[in-house]
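Shown next, in structure tokens, is the structure this report addresses.
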């Protein structure tokens, strides 16, 4: 982008974009944005790239050819990245809710067990009867969480692969428009 133009002018006007430097998809984003004409601004991007904190500043020529189509593809790319993040988060969200719910039910049983033993006269059989599901309600959530995450991960991996393929196709189209 620092080349001399056909009209003899070496001035290049840039437009700028900021993206987060950290996160699991930072490298994918940086590679993808290059396919839409964006390059890392070397004056500001090196520190953020090294530390993984802050924001990366990208720039591209304002008078880039096929800008409208590249912008459309870029928005589609950004939507795919957001979908990847949502899919990754979906692996644990339902499992967390289920584990917390079972843990709360177990806590309620243990509270009932505590009240049964502190009652006058103490109701030991009721205390034992309520303590068993209470302790199970504290032990089971860990196994439940792991099983649900494992099951959901199998489903999500296939969806992630499809999304990565879609991102690859979008980037290929963007690269073809640049060349």
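Numbering (our numbering), first residue to last: 111 to 289. All residues carry an ideal CB built from backbone N, CA and C; glycine is no exception.
Item	Value
Beta strand (DSSP E) runs contained entirely in the region 154 to 237, provided each spans 3 or more residues	165 to 171
Best match in 121, 120, 140 and 134 for proximity to residue 128 [C-alpha to C-alpha]	140
Beta strand (DSSP E) runs wholly inside the region 117 to 153, at least 3 long, in chain order	124 to 130
Collapsed DSSP secondary structure at residue 276 in the structure displayed	helix
Nearest-angstrom Cα separation, counted from residue 229 out to residue 200	44 Å
Beta-carbon gap between residue 281 and residue 147 smaller than 8 Å	no
Inter-residue Cα distance where the pair is residue 214 and residue 126	49 Å
Exposed unless 16 or more other CB atoms sit within 10 angstroms - verdict on residue 269	exposed
Segment contact flag, the region 235 to 253 with the region 177 to 191, C-beta cutoff 8 Å, min 3 pairs	no
Inter-stretch contact at 8 Å, needing at least 3 Cβ pairs: the region 256 to 265 / the region 215 to 225	no
Alpha-carbon to alpha-carbon, residue 225 and residue 133	47 Å
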